[in-house]
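Below is one structure; the comments refer to it alone.
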Amino acid sequence: MHLRTPSFHYTGMIDAFKIQLWDTAGQERFRKSMVQHYYRNVHAVVFVYDMTNIASFHSLPSWIEECKQHLLTNDIPRILVGNKCDLRSAIQVPTDLAQKFADTHSMPLFETSAKNPNDNDHVEAIFMTLAHKLKSHKPLMLSQPPDRDEIHIKPEPKPAMTCWC
C-alpha cells in the first residue's frame, strides 16, 4: 500500500488542488483491515485496472459495490483508468469493452501507461479531469474557518462585603 500526495497546479485554474491517492495495488490483505480508513473523507475515486489482465477488469464491479457499501454514491467524481496500454500485444481488455463499462457506470475512461513517456499527456489529462470534476462537485471544505460568534464571559458581580462588627 502506498500513499501518494502529489500537488497539482494547472494554468487557468483558480484553485490549486492537493490530491492524495491511496494505492492498494490490489493487495487484498489491506482491503479488510484498512477499509474504513480508505473511505473516510473520500471526495473522488479513480478505479485503475490492468489492461493486460482481464481478471483485474472483472474485479471492478466488486470495488464499485464496496464503495456503495461505504456510502460513496455515484454523485462523487469517479474515473476509470486502464493502465499498461503500451503493452499492445498483451492487451486482454479491449477499449470498446472498457468504454461500455465506463458508460454504464457514468465514468470517463482513460487508457494510459505509467511507464511510457509518450503517454504522460494521458496521465495529466486524468488528473486534469479529476480536478475539474472535484471543482464542479459540492464544496469539499470551507476555504477559511467559519465565523465564530464571540462569547464574552463576564464575571458575576461580587456582593459588597458587609461587616456587622
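Heads up: the sequence shown at position 22 corresponds to 330 in my numbering, and the numbers run straight through without jumps.
Note that beta-carbon positions come from the ideal geometry of N, C-alpha and C, so glycine has one too.
Exposed unless 16 or more other CB atoms sit within 10 angstroms - verdict on V389
Along the sequence shown, read from residue 1 onward, the residue named residue 389 stands at position 81. Label assigned to V389: buried.
Determine the closest residue to I387 out of I362, I372 and L405, with distance taken between C-alpha atoms.
By one-based count along the sequence shown, residue 387 stands at place 79. Comparing Cα-Cα distances from I387 to each of I362, I372 and L405, the minimum goes to I372.
From V356 to N391, what does the alpha carbon distance come to, in whole angstroms?
For the purposes of this step, residue 356 is identified with residue 48 of the sequence shown, where counting begins at 1. For the purposes of this step, residue 391 is identified with residue 83 of the sequence shown, where counting begins at 1. So the alpha carbons of these two residues sit roughly 7 Å apart.
To the nearest angstrom, how far is the alpha carbon of F409 from that of A363?
In the sequence shown, counting from the first residue as 1, residue 409 sits at position 101. In the sequence shown, counting from the first residue as 1, residue 363 sits at position 55. About 14 Å.
Member of K443, W330, M359 and T437 whose CA lies at the smallest distance from the CA of S397
The sequence position of residue 397 within the sequence shown is 89, counting from 1. Nearest of K443, W330, M359 and T437 to S397, Cα basis: M359.
One or two residues paired with N391 in a DSSP bridge
Along the sequence shown, read from residue 1 onward, the residue named residue 391 stands at position 83. Answer by DSSP bridge pairing, in chain order: D358 and T420.
Nearest-angstrom beta carbon gap, D394 and S500 [assumed within contact, 8 Å]:
Any property of residue 500 remains undetermined from this structure, which presents the chain solely from 309 to 473.
If you run the structure through DSSP and keep just helix, strand and coil, what is V431?
Along the sequence shown, read from residue 1 onward, the residue named residue 431 stands at position 123. If DSSP states are grouped into helix, strand and coil, V431 belongs with the helices.
What are the boundary residues of the beta strand (DSSP E) that D331 is part of?
Reading the sequence shown from its first residue, position 23 is the one you call residue 331. Its beta strand (DSSP E) spans residues L329 to D331.
Residue burial classification, P385 (beta-carbon count within 10 angstroms, cutoff 16):
Mapped onto the sequence shown, residue 385 falls at position 77. Answer is buried; the Cβ neighbour count reaches 16.
How is the alpha helix (DSSP H) around Q407 delimited, first residue to last?
What you label residue 407 is simply residue 99 of the sequence shown in a count that begins at 1. Segment T403 to T412, the alpha helix (DSSP H) holding Q407.
Would you mind working out which of W330, N349 and V353 sits nearest A439, comparing C-alpha positions?
As a working mapping, residue 439 is identified with position 131 in the sequence shown. Of W330, N349 and V353, the residue nearest in Cα terms is V353.
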